[in-house]
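Data first, discussion second: the structure below is written as structure tokens.
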Amino acid sequence: MKSAEQQIINSFNSVNYQNLLQYAISIAFYKSEIINNQLVKKFDKKIFELTGYSEDYFNSESDLWENNLHEEDFDFVKCKLEEIWTKETIELVYRWKCADGQYKWFFDKSEIIKDADGNPKEIFGLMMDINERELVKKEFEINRLFTQKVLNTISGILFIIDLNQERVIYSNFPEFKFLGYTEEEISLQGKKIFSEIIHQDDKRKLNNLLSDLNALPDGTVKETEIRIRDKDGKLFWYLIKITIFNRDETNKAAQLIGLLESKHENKIVKDKLEESEQSYKNLFNTISDAIFIQDYNWTFIDVNDGAVSFFGYTRDELIGKTPEFISSENENDIDEIKRKFELSKSGVSQKIEFVGKKKDKTKIFTEVQIYDGIYFGRKVIIAQMRDITERKKSELKMQAALSDKNVLLKEVHHRVKNNLQAMIYLIEMQIDKLDDKKVEMFLRELQEQARTMSLVYEQLYQSDHLAKIDMENYLKSLTSHVFQAFAAGREIICNVEAENVILNVEAAMPCGLIVNELLTNSLKYAFNDLKEKTARINVKLSKNNNLIEIIIMDNGKGISQDFDWENTESLGLKLVNYWVKYQLAGTIELDITSGTKFIIKFENV
-3 MKSAEQQIIN
7 SFNSVNYQNL
17 LQYAISIAFY
27 KSEIINNQLV
37 KKFDKKIFEL
47 TGYSEDYFNS
57 ESDLWENNLH
67 EEDFDFVKCK
77 LEEIWTKETI
87 ELVYRWKCAD
97 GQYKWFFDKS
107 EIIKDADGNP
117 KEIFGLMMDI
127 NERELVKKEF
137 EINRLFTQKV
147 LNTISGILFI
157 IDLNQERVIY
167 SNFPEFKFLG
177 YTEEEISLQG
187 KKIFSEIIHQ
197 DDKRKLNNLL
207 SDLNALPDGT
217 VKETEIRIRD
227 KDGKLFWYLI
237 KITIFNRDET
247 NKAAQLIGLL
257 ESKHENKIVK
267 DKLEESEQSY
277 KNLFNTISDA
287 IFIQDYNWTF
297 IDVNDGAVSF
307 FGYTRDELIG
317 KTPEFISSEN
327 ENDIDEIKRK
337 FELSKSGVSQ
347 KIEFVGKKKD
357 KTKIFTEVQI
367 YDGIYFGRKV
377 IIAQMRDITE
387 RKKSELKMQA
397 ALSDKNVLLK
407 EVHHRVKNNL
417 QAMIYLIEMQ
427 IDKLDDKKVE
437 MFLRELQEQA
447 RTMSLVYEQL
457 YQSDHLAKID
467 MENYLKSLTS
477 HVFQAFAAGR
487 EIICNVEAEN
497 VILNVEAAMP
507 CGLIVNELLT
517 NSLKYAFNDL
527 KEKTARINVK
537 LSKNNNLIEI
547 IIMDNGKGIS
557 QDFDWENTES
567 LGLKLVNYWV
577 KYQLAGTIEL
587 DITSGTKFII
597 KFENV
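Under this note's numbering, the first residue of the sequence shown is numbered -3, with each subsequent residue one higher.
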């Protein structure tokens, strides 16, 4: 027994137990007797105070100690308890559920007590309530981890410099590591680290910033941009912000806290942006056209040198104005210009003509292309204006000349028509004096040929197109006159088709003469003996691409099979062949299977 007791005394005299006895007020002792190779735990009365259980309840529940272990600690505790047989002394920290249902943290130390023969007799131990300490420790660890995470998320170098020790006493280091320096190198360099890594031109700025801090109130933050050199000598731009962290007894700055934020990419982007902006302005101002940058409210926000040159105003005089400012009075449809401006916002470029007014009040004629664009990240409308004053003057001169030419042509057409009408009238006068029917018929045919030509010039005179003939109107008018001359009072139906066929004078004139001649022949010869059916004549003129086809057909008695119409002595058919082959460069066919049908084809050049 003396030996066992001495073991306990020695155990409690150890350093660990000397520390633990400081908390004796929260310690419960226990011993576990070994009965039939089973441990039977017995606690002193302190355990009831620590756990809140009554003595009766505690003693009645043989498995209470094991059952109340926290599930996360159970396996660990069971494993450690097994070690006591080999290590003889074990220490545990675990959570145990008390009577109020809450878990408490306990420190548990157990030691085997042996008998005189060295065999295990019992296990003596203690449970110490360390709940408050563990909670404080846990809260401290949470706060520490939280603070560290916050510091590590700062995108920059957070540092504290002790001015007396002349060294960095804290840094989150991620950026220093990025620069190639180790934690040890930074710490050993002290505040000299900044002298070593800061660009020579920026040191004076930093020294001035630090000297100003002593005279400023606590909390004042000073900042400047500096270049920091990495371990390989490459320079990076940083924004340094610094303030006093602590002062000494003389009220001088003892410690400084600062933040270095990388501005390298921003600086490079800014420099490139400035370079790009300068390049843009150089290009913007080398364009000879006037360029107006407008916001969506129609206001000029920038103009190039071309605009200044065009209108004689300075850039400042133009910026803030609208197109109305440079518009020549009563020369532009402002509502239409605004409509085109709105349409351009959808991405569809618009083109307008704009009459401008210079500062000296002179007019300038321009052509403007309007389209949407981006101006330094801002949606804008860009108007590119080209001076067309000389072109416009030339156009006006050409229009005046063309107008004079048109007047002259109309006068020529009118006079030709009048001359032909005079010829028709003279022929009519001669007819009235004749008794010979053959001569009268010949003169009638000649009269209608003259009328056919006269109708062409009449249409030209009345039309806006001084060289084009609408063949449908022309042929209908022509057939009407031929019928009046050769079929007055006769029941003959005539159908004319020539929709959407427009020919120039060179083709229209021979076409009219051909139709006149063949139509006259039909009226003279086709229906002399026709009694049982209605007399019909069809005149059809059609166009397929550049191929023109004329069909003149009747349902009369027709022409005999042995009639050689191409070598006839008939002056009319000789003229038809001449007009087709030599004036129209076309072909002519005759179909006499049913009545008489002439088919003429030629290319419309």
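Cβ coordinates follow ideal geometry from the N, Cα and C atoms, glycine included.
The model shown is predicted, which means the values in this text are computed figures rather than measured ones.
Of the other Cβ atoms in all chains shown, fewer than 16 fall within 10 Å of the Cβ of E180; this residue is therefore exposed.
Going by beta carbons, K577 and I547 fall outside the 8 Å limit. Around the CB of F559, fewer than 16 other CB atoms lie within 10 Å, so the residue is classed as exposed. With fewer than 16 other CB atoms across the displayed protein chains lying within 10 angstroms of its CB, A484 is exposed. Nearest in C-alpha terms to I333, of all of F482, G343, E320 and V344, is E320. Taking all protein chains in view, the Cβ of G369 is surrounded by fewer than 16 other Cβ atoms within 10 Å, so the residue is classified as exposed. Shown here for L202: same chain residues with a beta carbon closer than 8 Å to its own, the five before and five after excluded, namely F190, I194, T220, I222 and I236 in chain order.
A contact is defined here as three or more CB-CB pairs under 8 Å, and the segment 426 to 437 fails this definition with respect to the segment 466 to 473. Excluding residues up to 5 positions away in sequence, H66, R91 and K93 lie with their Cβ nearer than 6 Å to the Cβ of Y99 in the same chain. By the Cβ neighbour-count rule, N491 is exposed, with fewer than 16 other Cβ atoms within 10 Å of its own.
In the three-state DSSP reduction, K76 falls in the helix class (H, G or I). Unbroken alpha helix (DSSP H) stretches of 4 residues or longer found wholly inside the segment 183 to 233: 188 to 193 and 196 to 209, given in chain order. In this structure G114 is exposed. Its beta-carbon is surrounded by fewer than 16 other beta-carbon atoms within 10 angstroms. The C-beta of Q290 has 16 or more other C-beta atoms within 10 Å across all chains shown, which makes the residue buried. In this chain, the beta strand (DSSP E) harbouring Y90 covers T85 to K93. In the DSSP secondary-structure assignment, W101 is bridged to R91.
Nearest to T358 by alpha-carbon distance, out of I366, K347, E349 and F306, is F306. Taking C-alpha positions only, L252 is separated from I165 by approximately 10 Å. DSSP assignment within the segment 464 to 536 yields the following whole beta strand (DSSP E) runs of 3 residues or more, N-terminal first: 464 to 466, 488 to 493 and 498 to 500. About 7 Å separates the CB atoms of Y292 and K375; that is less than 8 Å, so the two are in contact. The three-state secondary structure of I322, taken from DSSP, is helix. For D125, the enclosing beta strand (DSSP E) stretches over residues P116 to D125. DSSP, reduced to helix, strand and coil, places F438 within a helical segment of the structure shown. With 16 or more other Cβ atoms inside 10 Å of its own Cβ, L509 counts as buried. The bridge partners DSSP lists for G369 are V376. Looking from the CA of L212, the closest CA among R243, T295 and N573 belongs to R243.
E107 sits buried, since 16 or more C-beta atoms from the chains shown fall within 10 Å of its C-beta. By the C-beta density criterion, P116 is exposed, having fewer than 16 other C-beta atoms within 10 angstroms. With the rule of 3 Cβ pairs closer than 8 Å, the segment 314 to 329 counts as touching the segment 293 to 305. Between the alpha carbons of I43 and K248 lies a gap of roughly 56 Å.
The three-state reading of DSSP puts I384 in coil, since its state is none of H, G, I, E or B. Sixteen is the threshold: since fewer than 16 other Cβ atoms of the shown chains lie within 10 Å of the Cβ of I283, the residue is exposed.
When beta bridges are read from the DSSP output, E545 appears opposite S538 and K597. Residue pairing of F307 in beta bridges, as defined by DSSP: absent, with no partner found. Secondary structure note for I43: its alpha helix (DSSP H) is the uninterrupted segment K42 to T47. With fewer than 16 other Cβ atoms inside 10 Å of its own Cβ, C75 counts as exposed.
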